[in-house]
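Reviewing the structure listed below.
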Amino acid sequence: MNIVYFYKVCRQGAVVRPERGPSVHAFSLPSGAGPDAARPRHGIVISKDVRIRMRDGTHLSTDLYRPARDGEALPGPFPTILCRTPYNKQDQRYAEIGMFFAPLGYVVALQDLRDRHLSEGTGDYEHTATPHEGRDGHDTVEWLAAQRWSNGRVGMVGSSFAAVTQARAALERPPHLSAIWPDVTPTDNYQHQGREGGAMQLHMFWALFIHAQDSQELRDRPDLQAEVWNDLRQLRRWLHAMPWKPGQLSLRHTPKLEQILFEYYTRARRDAWWDEDRNNYTAHYHRHADIPGTFSGGWFDPYAAAMTGYFSAMAAKNRTPQKLVMGPWGHVGMRGDASWVNDVDFGPASVWGVDHYFQEQLRYFDATLQDAGNGWAQQAPVRLFVMGGGSGRKTAAGKLDHGGHWRDETAWPLARMQPARWYLHGDGRLSPQPPAADGSPRRFVHDPQHPVPTLGGPFCSIMDLPEDGPGGPEAMWARYLHPVLRLRAIVDPGPMDQRETASTFGGTQPGRRLAERPDVLVYESEPLAAPVELTGAVEVHLVIGSSAPDTDFTAKLVDVYPPSADYPQGFELALTDSIMRCRFREGWDREVMMQPDQSYAITIALQPTSNLFAAGHRIRIDIASSNFPRLDVNPNTGEPLGRHTHTRTATNTVFSDALRASHVLLPVIPATGG
89 MNIVYFYKVC
99 RQGAVVRPER
109 GPSVHAFSLP
119 SGAGPDAARP
129 RHGIVISKDV
139 RIRMRDGTHL
149 STDLYRPARD
159 GEALPGPFPT
169 ILCRTPYNKQ
179 DQRYAEIGMF
189 FAPLGYVVAL
199 QDLRDRHLSE
209 GTGDYEHTAT
219 PHEGRDGHDT
229 VEWLAAQRWS
239 NGRVGMVGSS
249 FAAVTQARAA
259 LERPPHLSAI
269 WPDVTPTDNY
279 QHQGREGGAM
289 QLHMFWALFI
299 HAQDSQELRD
309 RPDLQAEVWN
319 DLRQLRRWLH
329 AMPWKPGQLS
339 LRHTPKLEQI
349 LFEYYTRARR
359 DAWWDEDRNN
369 YTAHYHRHAD
379 IPGTFSGGWF
389 DPYAAAMTGY
399 FSAMAAKNRT
409 PQKLVMGPWG
419 HVGMRGDASW
429 VNDVDFGPAS
439 VWGVDHYFQE
449 QLRYFDATLQ
459 DAGNGWAQQA
469 PVRLFVMGGG
479 SGRKTAAGKL
489 DHGGHWRDET
499 AWPLARMQPA
509 RWYLHGDGRL
519 SPQPPAADGS
529 PRRFVHDPQH
539 PVPTLGGPFC
549 SIMDLPEDGP
559 GGPEAMWARY
569 LHPVLRLRAI
579 VDPGPMDQRE
589 TASTFGGTQP
599 GRRLAERPDV
609 LVYESEPLAA
619 PVELTGAVEV
629 HLVIGSSAPD
639 TDFTAKLVDV
649 YPPSADYPQG
659 FELALTDSIM
669 RCRFREGWDR
679 EVMMQPDQSY
689 AITIALQPTS
699 NLFAAGHRIR
709 IDIASSNFPR
719 LDVNPNTGEP
729 LGRHTHTRTA
739 TNTVFSDALR
749 ASHVLLPVIP
759 ATGG
């Protein structure tokens, strides 16, 4: 259901009147409106702010959308779809769930989390590390299943944080939780959210201000809210002002959120806190309910490894059917209506949009919550989008026609995937041939004061607030918009040509290729004689050295288009990337510094991807020591992370000889695989 359809329903929806309960509205859906018109339609009764009691006596505010006739709720029994969110359950993105499913015979429950919006608070909100989420999810599911109108089955939906709440609930095994569809969720905060490869993911720095500005602590304090908005206006400056100190930012007004910032920022070594079930679901998968699950994500989402890993773990552990959907999307891009991201177009087949998303969920929940024999369980376990195969021309909208197609698979990782070892050579070649015994190393200088700028990649977003934000010219309308809608991107996630533009954050030379920077090492194949598909996880194994006791190495996989009439300088399409902070090379639970006269083996695990490299293209691996502001910059000093007192340059080395053969493992899919 898109926004236009939602408002059409409201305009034609007839009845609005108070009923029993804290706040109740009733709507009638127009006959035959929306998709699947042959299905019987009901009206809707919406009960606002129903207080559901948790085991500790805390009440959580819940909106219930119930099937109705002539303004009266029907007795059921009906299955229930639950979405739990920290972002205000009354937002359009949540209300449309109720408006779609309730007329089709489902009760929809939308709930504000503890300490958020209209729910009661206990002062325990710690972003996704909040300790109560699993128990609160369990208690909510069981309350819903016990209602007279319930058929005893509850399914959960939601993206991002609203998917975190699903995983947390499933670890508690509520008896009546019957199916989940988590979309784009981290499953290990140490690797997928707060940190990555030992570095901090800075989209979490930005996100905490979003959670602060509408927190319960600041709800009645516009003066303190104004400080949060002011920090968002100055976010670019704050990104350059690390290390941060407690009490320095407006987050001090939300102590739990300030605390979690410094957990993410300074708690760099993996310890017991990171492995509690509020942070690391993977360590507790043995507790996970054996229920059907559909796991969806995007190749440019920061949680691509999390979603594919979540599916694989559940498929191996559970007897119930498990499904995986991976598309060419960024964070929550499955719900988008465009076939392009940034300057890259994947073709009309790549678009799901809200309408298709809801139709797929309807089929799923009909099968899992109502035993409908609609063939859902028999469909292929894995559906993935293989990017590439387009014309390579510029579309009418000015986008690169990269193209792609959907394909069904039986498992993840693909059983026929053949890991191919390609070597990084001292002359910049990337090839299957091992290096010579005397292969030469390559060196570059990493200066933390001048990091390599982020150009796309797998992260959520980093945004600041325009100067005309709250209190500016549009202030009279601001209350109708979610704060996210008033923000602007500092850097854009997703696929992108690796070339600086005038708006590149941290860029200094618009038009310059990152490959031309002296602190970026490029390893490139010869033009491919035939197409090569890579589908799966990419591992970069380097033998490195450094003049610093600690430094970072980043790796990026790039599809290099040759020059053409539309792209005279070619197009360097970044597909996936990641990082290794070298002090963690021997394990995430220990920090071991380096010596300047020694070499060390490190592994950089890139996010999984699926891409067809066309004939004539090149496969490229870029190596550097920074990717800012996607990831925080290593000061190279070896001091405690997040508490450094100065920075220093580092001369970093990548070895490429027979005994120190740096290489990449590419997930090659044989051409006969379809």
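Residue numbering for the sequence shown follows my numbering, starting at 89 and increasing by one per position. Idealized CB from N, CA, C, for every residue including glycine.
Residue j beta carbon less than 8 Å from that of residue i
| i | j | result |
| --- | --- | --- |
| Val763 | Val752 | Here the chain comprises residues numbered 89 to 762, so residue 763 is not present and cannot be evaluated. |
| Ala267 | Phe453 | yes |
| Val195 | Leu152 | yes |
| Met292 | Gln281 | yes |
| Asp431 | Thr408 | no |
| Thr273 | Ala437 | no |
| Gly492 | Glu612 | no |
| Leu472 | Ser247 | no |
| Leu296 | Leu349 | yes |
| Ile550 | Trp294 | yes |
| His376 | Leu518 | no |
| Val756 | Leu622 | yes |
| Ile711 | Thr642 | yes |
| Thr210 | Arg172 | no |
| Asp580 | Glu660 | no |
| Gly381 | Met414 | no |
Residue i, buried or exposed, once every other Cβ within 10 Å from all chains shown has been counted against 16
| i | result |
| --- | --- |
| Met187 | buried |
| Trp428 | buried |
| Thr639 | buried |
| Asp425 | exposed |
| Asp389 | buried |
| Ile91 | For Ile91, the predicted model reports a pLDDT of 29, less than 50, meaning its position is unreliable; a value from the coordinates is still stated below. The residue is exposed, with fewer than 16 neighbouring Cβ atoms inside 10 Å. |
| Glu604 | exposed |
| Leu645 | buried |
| Val680 | exposed |
| His734 | exposed |
| Leu754 | buried |
| Trp417 | buried |
| Asn318 | exposed |
| Thr216 | buried |
| Gln279 | buried |
| Ser384 | buried |
| Asp308 | exposed |
Sheet register partners of residue i (DSSP bridge)
| i | result |
| --- | --- |
| Asp200 | Thr173 |
| Asp552 | Arg576 |
| Asp496 | Arg471 |
| Gly243 | Ile169 and Ala267 |
| Thr739 | Val533 |
| Ser634 | Asn740 |
Chain C within 8 Å of residue i, Cβ atoms only
| i | result |
| --- | --- |
| Gln347 | No chain C is present in this structure, which holds just one protein chain. |
Sequence-distant residues of its chain with Cβ nearer than 7 Å to residue i (five each side left out)
| i | result |
| --- | --- |
| Leu206 | Asp137, Ser149 and Asp200 |
| Phe532 | Pro606, Asp607, Leu609 and Asn740 |
| Leu468 | The sequence given here has Ala at residue 468, not Leu. Asp496, Glu497 and Thr498. |
| Gln313 | Gln301 and Leu306 |
| Trp464 | Arg451, Tyr452 and Ala455 |
| Trp494 | Ala437, Arg471 and Phe473 |
| His264 | Val229, Glu230, Ala233, Gly240, Arg241 and Val242 |
8 Å CB neighbourhood of residue i in its chain, flanking five on each side removed
| i | result |
| --- | --- |
| Thr354 | Pro728, Leu729, Gly730 and Arg731 |
| Gln597 | Glu588 |
| Thr218 | Leu201, Arg202, Asp203, Asp212 and Arg366 |
| Phe166 | Arg154, Pro155, Gly193, Tyr194, Val195, Trp237, Ser238 and Asn239 |
| Pro522 | Tyr511, Ala746 and Ala749 |
| Tyr445 | Met422 and Arg423 |
Expected contact under 8 Å - CB spacing of residue i and residue j to nearest Å
| i | j | result |
| --- | --- | --- |
| Ser369 | Asp276 | The sequence as given places Tyr at residue 369; Ser does not occur at that position. Correct: roughly 7 Å between the Cβ atoms. |
| Gly225 | Arg256 | 6 Å |
| Ser303 | Thr342 | 5 Å |
| Pro334 | Glu351 | Incorrect: roughly 12 Å between the Cβ atoms, too far for contact. |
| Ala738 | Ser635 | 5 Å |
| His130 | Pro191 | 5 Å |
| Asp654 | Arg509 | Going by Cβ atoms, the distance from Asp654 to Arg509 rounds to 34 Å, so no, they are not a contact pair. |
| Asp647 | Phe701 | 6 Å |
| Pro717 | Leu290 | 5 Å |
Same chain, Cβ closer than 6 Å to residue i, five either side skipped, listed in chain order
| i | result |
| --- | --- |
| Ala356 | Leu729 |
| Asp433 | Ser427, Thr483, Lys487 and Asp489 |
| Gly527 | Gly514, Ser744 and Asp745 |
| Gly624 | Pro501, Met505, Pro696 and Pro755 |
| Gly478 | Asp489, His490 and Gly491 |
Any non-hydrogen atom of the ligand GDP within 7 Å of residue i CB
| i | result |
| --- | --- |
| Ala426 | For the structure depicted, the ligand GDP is absent and the ligand set is empty, with no information on it obtainable. |
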